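*Asks:*
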Amino acid sequence: MGTKMAETKHSGAEDNDEQQITLVDDNGNETLYNVLFTFKSDDYGKSYILLYPASAADDEEVDIQAYAFDPEEDGSTEGELSPIENDDEWDMVEEMLNTFLDDDSNMSN
15 MGTKMAETKH SGAEDNDEQQ ITLVDDNGNE TLYNVLFTFK SDDYGKSYIL
65 LYPASAADDE EVDIQAYAFD PEEDGSTEGE LSPIENDDEW DMVEEMLNTF
115 LDDDSNMSN
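The numbers in my numbering rise by one with no breaks, and the one at position 37 of the sequence shown is 51.
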């Protein structure tokens with residue numbers, strides 16, 4: 015899997031403040047994703063973004079994708095996303111995701 019390009023978009027719905035980005039694959043195909051969350055790891059010196067398809071229904075299980083990225087100075091997520099290729103890095107990202115999902119489910123109860 016090669017590097018993907020990302021373009022930040024904000025949803026126009028007033029009751030929905032989700033940030034969205036469009037990923038463009040090597041063939042030029044564009045897919046819209048919602049940003050689940052982003053975080054920075056001082057251990058790896060990188061920022062990470064976790065995404066899921068914007069077309070997913072609220073009640074269905076979604077395929078969450080994670081990438082490393084270098085944020086622009088203005089804090090936007092536009093630019094190139096890099097695949098995570100290190101097993102230790104993946105473990106750290108999965109731990110962050112699990113913590114995020116646990117915290118999120120606790121808040122909705």
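Think of the CB as a built atom: it goes at the ideal place given N, C-alpha and C, for glycine as much as any other residue.
Since the model is a prediction, treat every value here as computed from it, not as a measurement.
By alpha-carbon positions, which one of G93, M106 and W104 ends up nearest to V38?
*Replies:* Reading the sequence shown from its first residue, position 24 is the one you call residue 38. It is G93.
*Asks:* Looking at C-alpha atoms only, which residue of E108, L64 and N112 is the closest neighbour of E32?
*Replies:* For the purposes of this step, residue 32 is taken as the residue at position 18 of the sequence shown. Nearest C-alpha to E32: L64.
*Asks:* Under the rule that 16 or more other beta-carbon atoms within 10 Å means buried, what is L95, buried or exposed?
*Replies:* Walking along the sequence shown from the start, residue 95 turns up at place 81. Counting Cβ neighbours within 10 Å, L95 comes out buried, since at least 16 surround it.
*Asks:* Since A68 contacts V76 with CB under 8 Å, what's their CB separation in whole angstroms?
*Replies:* The residue you call residue 68 lines up with position 54 of the sequence shown. The residue you call residue 76 lines up with position 62 of the sequence shown. Actually they are not in contact, since the Cβ atoms of A68 and V76 sit about 10 Å apart, beyond 8 Å.
*Asks:* Between which two residues does the beta strand (DSSP E) holding E94 run?
*Replies:* To locate residue 94, count along the sequence shown from 1; it is residue 80. Segment G93 to S96, the beta strand (DSSP E) holding E94.
*Asks:* Taking the alpha-carbon positions, what's the D73 to T45 distance?
*Replies:* In the sequence shown, counting from the first residue as 1, residue 73 sits at position 59. In the sequence shown, counting from the first residue as 1, residue 45 sits at position 31. Taking the straight line joining both Cα atoms gives about 20 Å.
*Asks:* Taking Y62 and Y47 to be in contact with their CB atoms under 8 Å, please state how far apart those CB atoms are, rounded to whole angstroms.
*Replies:* Residue 62 sits at position 48 when you count from the first residue of the sequence shown. Residue 47 sits at position 33 when you count from the first residue of the sequence shown. At roughly 14 Å, the Cβ-Cβ gap does not stay under 8 Å, so Y62 and Y47 are not in contact.
*Asks:* Please state the DSSP three-state secondary structure of S69.
*Replies:* Numbered from 1 along the sequence shown, position 55 holds the residue referred to as residue 69. The answer is coil: DSSP assigns S69 none of H, G, I, E or B.
*Asks:* When we look at the beta-carbon of F51 and count the other beta-carbons within 10 Å, is it buried (16 or more) or exposed?
*Replies:* If you number the sequence shown from 1, residue 51 lands on position 37. Exposed, because fewer than 16 other Cβ atoms sit within 10 Å of the Cβ of F51.
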